[in-house]
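Protein chains in written order, with the working numbering: chain A, 11 to 263; chain B, 11 to 263. Glycine included, each C-beta is placed from N, C-alpha and C at the ideal position. For reference, the structure discussed in these notes is given below.
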DNA sequence: GCCGGCAATTAACATGCGTTAATGGCCCTT
DNA sequence: AAGGGCCATTAACGCATGTTAATTGCCGGC
């Protein structure tokens, strides 16, 4: 299915923080355990359960979701290939959220202890994983801004910009297209809208000629327009490096 | 003003993850640099600026805020005494958000390099700080759920529960009371409501006899009722230890 | 080739919350 | 004592989005 070793896309991501040495890359690769195939809607980790291993999405999609006692749902993250399922669990004894497969998903696993010892030998890997966690936090905050301040149209546009950009970072886009197997119910639970309004809003985006989304395929016809409609700035997806290098040049010359 | 060393409340917080040894505590205490007094609305850190030191709120309140190009504002965090201003900056070369003082605030500073070397000597401190960051992430996600899924009344009730609980953790409550110098405009930017509706909602909470909030003082008259109205569960404020132990009992017993 | 179920679509109607704007209280300044 | 600014409060009205519910299309199973 997926070409190359299962860590390919993770390494791609970590390189965004700091390129790993061949030695470090090899260590990480060799720490990866067996993969497992999940079916749609199957749980990868369940809230409160202790986790002996850290999942790595190799292919397919997953999401993290919070459910209120009366059934209201809020999806708080999407996980795409190259994402770790819950690096938090390296530090915490149990998972804090339930993560479920959105589609069929192939998930490799790092045994917790093995990964911990790799980190001990290669502190940069620990830092890189920590950086990944910070990135997730940035995304969570941006979602808060999205749901809190943007209109339905902007909100949807912003989500599509974000996901597309993340897919690009792991080389899963093809021109302006990428896979995006989200149902309108899931979009609604992500954007804090009703499904009816998601439908209206999607059609509006289509009518404007910006994007189309159907049968699991996202096509962006005019990214610039979409981005400016959404007030999307990709900065938060690259905390650190690029942003700073730009700035560094300002300081000593 | 504030009794004892400036790290008192931080240590109180970190102990929630893992009690630090006297040696570790002393190292951390000795790493703290000079304090600075900020005036209301003054910026502690500005987005994108490299930061040579990590702030620690000793007294007063601060907030992190994201502003959209057209002026819409979303407050994404409140910082209370004992909170680090941006531990992220240990890893990242620049701040990712602007943090501003809400009230007059006394902020101690850890020189970045000094703190890094303390962590090197005491890995547990690094872990504890990392745990603090995870906690912040948990809070961010909970705010997303709050703004996305709860009604105005529930939302406000939830925020008050959270802040009160956090204040309790650093021993800044007195019975059902604590300081909370939030204006209705700030509440609005936090909860993604209009100020008018915040006003209506606050009155409703008062009318129900649950809380009163005026001249910077929060009084909770019936925490249990408030908590159940808000569907507030303090679990997310204690990621890790306690949660798991409770669960463990359910399994074999 | 029919049936069942899920996802998308549409329409009609309802409402929680936003907007605008006016008023009053408080505190600080002069 | 008068003036100005910030904040809280209130009222009237409007709108973005929710709700309910019916319809359609699609796909897989039998």
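Collapsed DSSP secondary structure at residue i in the structure displayed
| i | result |
| --- | --- |
| residue 65 of chain B | strand |
| residue 150 of chain B | helix |
| residue 96 of chain A | coil |
| residue 123 of chain A | helix |
| residue 135 of chain A | helix |
| residue 183 of chain A | strand |
| residue 198 of chain B | helix |
| residue 211 of chain A | helix |
| residue 232 of chain B | coil |
| residue 160 of chain A | coil |
| residue 189 of chain A | strand |
| residue 72 of chain A | strand |
| residue 218 of chain A | coil |
| residue 89 of chain B | strand |
| residue 30 of chain A | coil |
| residue 248 of chain A | coil |
| residue 174 of chain A | helix |
| residue 155 of chain A | helix |
| residue 42 of chain B | coil |
| residue 1 of chain A | The requested residue 1 of chain A does not occur in the structure, where chain A is confined to residues 11 to 263. |
| residue 204 of chain B | coil |
| residue 243 of chain A | coil |
Residue i versus residue j - alpha carbon distance
| i | j | result |
| --- | --- | --- |
| residue 164 of chain A | residue 45 of chain B | 42 Å |
| residue 22 of chain A | residue 89 of chain A | 15 Å |
| residue 228 of chain A | residue 240 of chain A | 16 Å |
| residue 160 of chain A | residue 197 of chain B | 17 Å |
| residue 152 of chain B | residue 144 of chain B | 12 Å |
| residue 91 of chain A | residue 73 of chain A | 12 Å |
| residue 244 of chain B | residue 236 of chain B | 13 Å |
| residue 50 of chain A | residue 182 of chain A | 20 Å |
| residue 70 of chain A | residue 194 of chain B | 44 Å |
| residue 192 of chain A | residue 208 of chain A | 12 Å |
| residue 224 of chain A | residue 96 of chain A | 30 Å |
| residue 63 of chain B | residue 122 of chain B | 5 Å |
| residue 184 of chain B | residue 175 of chain B | 12 Å |
| residue 242 of chain B | residue 81 of chain A | 14 Å |
| residue 19 of chain B | residue 76 of chain A | 30 Å |
| residue 100 of chain A | residue 219 of chain A | 45 Å |
| residue 146 of chain A | residue 142 of chain B | 15 Å |
| residue 30 of chain B | residue 41 of chain B | 15 Å |
| residue 132 of chain A | residue 26 of chain A | 17 Å |
Paired residues, beta bridge with residue i - DSSP
| i | result |
| --- | --- |
| residue 106 of chain A | Answer is none; residue 106 of chain A lacks a bridge partner. |
| residue 4 of chain B | As displayed, chain B neither begins before 11 nor continues past 263, which places residue 4 of chain B out of reach and without an answer. |
| residue 77 of chain A | A/83 |
| residue 47 of chain A | A/116 |
| residue 53 of chain B | B/110 |
| residue 224 of chain B | B/227 |
Residue environment, residue i, which counts as buried when at least 16 other CB atoms sit within 10 Å
| i | result |
| --- | --- |
| residue 206 of chain B | exposed |
| residue 98 of chain A | buried |
| residue 16 of chain A | buried |
| residue 117 of chain B | buried |
| residue 238 of chain A | exposed |
| residue 172 of chain A | buried |
| residue 226 of chain A | exposed |
| residue 221 of chain B | buried |
| residue 217 of chain A | exposed |
| residue 79 of chain A | exposed |
| residue 84 of chain A | buried |
| residue 93 of chain A | buried |
| residue 213 of chain A | exposed |
| residue 234 of chain A | exposed |
| residue 35 of chain A | buried |
| residue 199 of chain A | buried |
| residue 24 of chain A | buried |
| residue 178 of chain B | exposed |
| residue 249 of chain A | buried |
Closer than 7 Å: residue i CB and nearest the ligand GTP heavy atom
| i | result |
| --- | --- |
| residue 136 of chain B | The ligand GTP is not among the ligands present in this structure, which contains no ligands whatsoever. |
Exercise. In the segment 195-226 of chain B, which residues sit with their C-beta less than 7 Å from some C-beta in chain A, listed in chain order?
Worked result: 202
Exercise. Using Cβ-Cβ distances below 7 Å, what residues of the segment 175-190 of chain B are close to chain A?
Worked result: none
Problem set entry | Contact set between the segment 47-79 of chain A and chain B, restricted to residues whose Cβ is under 7 Å from the partner | 58, 60, 76, 78, 79
Exercise. What are the residues of the segment 136-147 of chain B that lie near chain A, defined by any Cβ-Cβ distance shorter than 8 Å?
Worked result: 137, 140, 141, 143, 144, 146, 147
For this session: Closer than 7 Å, Cβ to Cβ, to anything on chain A: give me those residues from the segment 148-178 of chain B, in chain order.
Result: 148, 150, 151, 153, 154, 155, 157, 158, 159
For this session: Output, in sequence order along the chain, the residues in the segment 77-100 of chain A whose CB is closer than 7 Å to any CB in chain B.
Result: 78, 79, 82, 84, 86, 98
For this session: Residues of the segment 105-120 of chain B with a CB closer than 7 Å to any CB of chain A: list them in chain order, please.
Result: 106
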